[in-house]
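Q:
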Amino acid sequence: MWNSINPEILARLPRSAVNGSPNEVHPSLSVPKAEWNECFEKLEKYRSYLDDWDGQGKFLGKPATAIESEIVDSALALAKALERIGVSAPHGTYPGLTGSVSFDWLFENGDSIEFDFVDPETADVFFLAQGSDIERLTLTEAISTI
Amino acid sequence: MKDEAEPVSPDERVVRLIWREFLRPGEIVPIQPVAFKPRANEPEGISVFRLECMKDPTEALAVMVPAKRGGYAIAVLAVAELLALGLSVKPAKIDEVPGHALIPELSIAAVQATDANWKAVRIALAQLGSKNLIPPADGNS
């Protein structure tokens, strides 16, 4: 799973130096620094998120959608692949109300990068830069290149 | 208190309930934009509550199951600021809490069709909501 990652996306992700600090390509990662284990642990926790995991179903009639294990598997696989190649851990990892899972990186200048796993084989990648239109790329296993 | 049958006026404020996992404690903007993303079952827009129709903001928590109420932060937003973003607030009465309303522009259909466009709006809402935020009673984690 995720044996190859679109190089256009990969080139834009922040990297960790040996001592854990951001490299010169992305010198302005926002603090506090995150750890990959935190991301992995949160993703594992989301396997237990059934319908109405946030409690809005009973009275408001708007339950959050259960998170399927296949989506967690997919996000975990990509997260571990990114860790192996030296990408910095994301700042945030969170469940989606529609059954997705996401993680993102924040930069001190307000820019951010977000991965949103909408199904087991697809991640929407959003690049948000201050003063620019939001850029969206889709990462799929089928069309990813080495 | 204002009658919830009255139209929403620009000088009102609304409450948005924010699940604790959509918060980044310690950040300048603690609310994550995803907190304003519609659910699969929100064809008519996301829910807010008119502050002027309630005794206090915490009254909105009554729509949640009791075990989850302490996990919600409460963001207070000015209707005028929502209007400035091109959004609107429409009354949508429910039995449990007075002042329930919807932001119809943020429906699941609209967002699925052009999500990248709406992401900028959600970022703006997160910034506005973060200015007046009551943290969850049970903490942030």
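For the record, the sequence lines run as chains A and R.
First residue of the first sequence? That's 1 in my numbering, and the numbers climb one at a time after it.
First residue of the second sequence? That's 1 in my numbering, and the numbers climb one at a time after it.
Where is the CB? At the ideal position from N, CA and C, for every residue including glycine.
Just so you know, these numbers come straight off a predicted model, no measurement behind them.
1. If the cut is a Cβ gap below 8 Å, which residues of chain R does A:SER102 touch?
2. Give the interface partners of R:GLU21 over in chain A, defined as CB-CB distance under 7 Å, in chain order.
3. Taking 8 Å as the limit between beta carbons, can you name the residues of its chain near A:PRO27, skipping five residues before and five after?
4. Under three-state DSSP, which class holds A:TRP2?
5. If we cut at 8 Å on Cβ distances, does A:THR138 have a partner in chain R?
6. Of all the residues that make up the stretch 64-82 of chain R, which are near chain A by a beta-carbon distance shorter than 9 Å?
7. What are the start and end residues of each continuous beta strand (DSSP E) run of 3 or more residues lying completely inside the stretch 36-69 of chain R, in chain order?
8. Starting from A:TYR46, trace the beta strand (DSSP E) both ways and give me its first and last residue.
9. In this structure, does DSSP put R:ALA120 in helix, strand or coil?
10. Which of helix, strand or coil does DSSP assign to A:GLU135?
11. Taking Cβ-Cβ distances shorter than 9 Å, what residues in chain A pair up with R:GLU42?
12. Which of the three DSSP states is assigned to A:SER100 in this structure?
13. In the DSSP assignment, the beta strand (DSSP E) including A:GLU114 goes from what residue to what residue?
14. Taking only three categories from DSSP, how would you classify R:ILE31?
15. Can you pull the chain A neighbours of R:LYS119, defined as C-beta to C-beta under 8 Å?
16. Report the three-state DSSP secondary structure of A:ILE85 (helix, strand or coil).
17. First and last residue of the beta strand (DSSP E) that includes A:ILE67?
18. Given that R:LYS37 touches chain A, what residues does it touch there, using C-beta distances under 8 Å?
19. Would you say A:THR65 reaches chain R, if we count a Cβ-Cβ gap shorter than 8 Å as a contact?
20. Which residues bound the beta strand (DSSP E) around R:ALA80?
21. Pairing CB atoms from the stretch 103-118 of chain A with CB atoms from the stretch 48-68 of chain A, are three or more of them under 8 Å?
22. Apart from the five residues just before and just after A:GLU24, which ones in its own chain have a Cβ nearer than 6 Å to its Cβ?
23. Are R:PRO33 and R:LEU23 closer than 8 Å when you measure CB to CB?
24. Could you pull the start and end residues of the alpha helix (DSSP H) that R:VAL111 belongs to?
25. Step through the CB atoms of chain R and report whether any lies within less than 8 Å of the CB of A:GLY131.
26. For chain R, is any of its Cβ atoms less than 8 Å away from the one on A:ASP111?
27. Taking all protein chains shown into account, do 16 or more other C-beta atoms lie within 10 angstroms of the C-beta of R:THR114, making it buried, or fewer, making it exposed?
28. For A:ILE9, which residues of its own chain have a beta-carbon under 8 Å away from its beta-carbon, when the five flanking residues on both sides are left out?
29. Considering only the alpha carbon of each residue, which of R:ARG20, R:ILE134, R:GLY99 lies closest to R:LYS55?
30. Please report the straight-line C-alpha distance between R:ASP11 and A:SER69, rounded to a whole angstrom.
31. Considering Cα atoms alone, identify which of A:LEU106, A:ASP51, A:TYR46 is closest to A:LEU13.
A: On the basis of the data shown:
1. Locating residue 102 of chain A in the first sequence gives position 102, counting from the first residue. Going along chain R in sequence order, the residues near A:SER102 (Cβ under 8 Å) are VAL34.
2. Reading the second sequence from its first residue, position 21 is the one you call residue 21 of chain R. Under the 7 Å cutoff, chain A gives TYR94, PRO95.
3. As a working note, residue 27 of chain A is residue 27 in the first sequence. Confidence in A:PRO27 is poor, its pLDDT being 48 and thus under 50, which makes the residue's placement unreliable; the coordinate value appears in the next sentence. Answer for A:PRO27: no residue qualifies.
4. Your numbering for residue 2 of chain A matches position 2 in the first sequence. Of the three classes helix, strand and coil, the one that applies to A:TRP2 here is coil, per DSSP.
5. Translated into positions along the first sequence, residue 138 of chain A becomes position 138. So, not an interface residue.
6. So the list reads MET64, VAL65, PRO66, ALA67, LYS68, ARG69, GLY71, TYR72, given in the order they occur along the chain.
7. The beta strand (DSSP E) runs lying completely inside the stretch 36-69 of chain R and spanning 3 residues or more are 46-50, given in chain order.
8. Position 46 of the first sequence holds residue 46 of chain A. Premise fails: A:TYR46 lies in the alpha helix (DSSP H), 36-46, not in any beta strand (DSSP E).
9. By one-based count along the second sequence, residue 120 of chain R stands at place 120. Three-state DSSP puts R:ALA120 in a helix.
10. As a working mapping, residue 135 of chain A is identified with position 135 in the first sequence. Strand.
11. Counted from its first residue, the second sequence places residue 42 of chain R at position 42. The answer, in chain order, is LYS62, LEU97.
12. For this step, residue 100 of chain A is matched to residue 100 along the first sequence. Note: A:SER100 maps to coil in three-state DSSP.
13. Here residue 114 of chain A corresponds to residue number 114 of the first sequence, with the count starting at 1. Per DSSP, the continuous beta strand (DSSP E) segment holding A:GLU114 begins and ends at 112-119.
14. As a working mapping, residue 31 of chain R is identified with position 31 in the second sequence. Assignment of R:ILE31 by DSSP, reduced to helix, strand and coil, places it in the strand class.
15. In the second sequence, residue 119 of chain R corresponds to position 119, counting from 1. Neighbours of R:LYS119 on chain A, chain order: PHE126, LEU128, ILE134.
16. Start at 1 with the first residue of the first sequence, and residue 85 of chain A comes out as number 85. Coil.
17. Walking along the first sequence from the start, residue 67 of chain A turns up at place 67. First-last for A:ILE67: undefined, no H or E at that position.
18. The residue given as residue 37 of chain R occupies position 37 in the second sequence. When 8 Å is used as the limit between beta carbons, R:LYS37 is near these residues of chain A: GLY96, LEU97, THR98, in chain order.
19. By one-based count along the first sequence, residue 65 of chain A stands at place 65. For A:THR65, the answer is yes, since a Cβ of chain R falls inside 8 Å of its Cβ.
20. As a first step, residue 80 of chain R is located in the second sequence; it is residue number 80 there, counting from the start. Note, R:ALA80: premise wrong, no beta strand (DSSP E); alpha helix (DSSP H) at 79-84.
21. The stretch 103-118 of chain A makes no contact with the stretch 48-68 of chain A, as fewer than three CB pairs between them are under 8 Å.
22. For the purposes of this step, residue 24 of chain A is identified with residue 24 of the first sequence, where counting begins at 1. Low confidence applies to A:GLU24: its pLDDT is 45, below 50, so where it sits in the model is not reliable, and the reading given next is rough at best. The answer is none, since no qualifying residue turns up.
23. Position 33 of the second sequence holds residue 33 of chain R. Position 23 of the second sequence holds residue 23 of chain R. For R:PRO33 and R:LEU23, no; Cβs fall outside 8 Å.
24. Mapped onto the second sequence, residue 111 of chain R falls at position 111. Where R:VAL111 is concerned, the enclosing alpha helix (DSSP H) stretches over 108-113.
25. For the purposes of this step, residue 131 of chain A is taken as residue 131 along the first sequence, with counting starting at 1. No, A:GLY131 lies away from the interface with chain R (no Cβ there is under 8 Å from its Cβ).
26. The residue given as residue 111 of chain A occupies position 111 in the first sequence. Chain R contact via Cβ: absent.
27. If you number the second sequence from 1, residue 114 of chain R lands on position 114. R:THR114 should be labelled exposed.
28. Here residue 9 of chain A refers to the residue found at position 9 of the first sequence. If we look at A:ILE9 and ignore the five residues flanking it on each side, its Cβ neighbours are VAL125, LEU137, LEU139.
29. As a working mapping, residue 55 of chain R is identified with position 55 in the second sequence. Comparing alpha-carbon positions, the option among R:ARG20, R:ILE134, R:GLY99 lying closest to R:LYS55 turns out to be R:GLY99.
30. Residue mapping note: residue 11 of chain R aligns to position 11 of the second sequence, counting from 1. Residue mapping note: residue 69 of chain A aligns to position 69 of the first sequence, counting from 1. Answer to the nearest angstrom: the Cα atoms are 45 Å apart.
31. Position 13 of the first sequence, counted from the start, is the residue given in the question as residue 13 of chain A. When C-alpha distances from A:LEU13 are compared across A:LEU106, A:ASP51, A:TYR46, the shortest belongs to A:LEU106.
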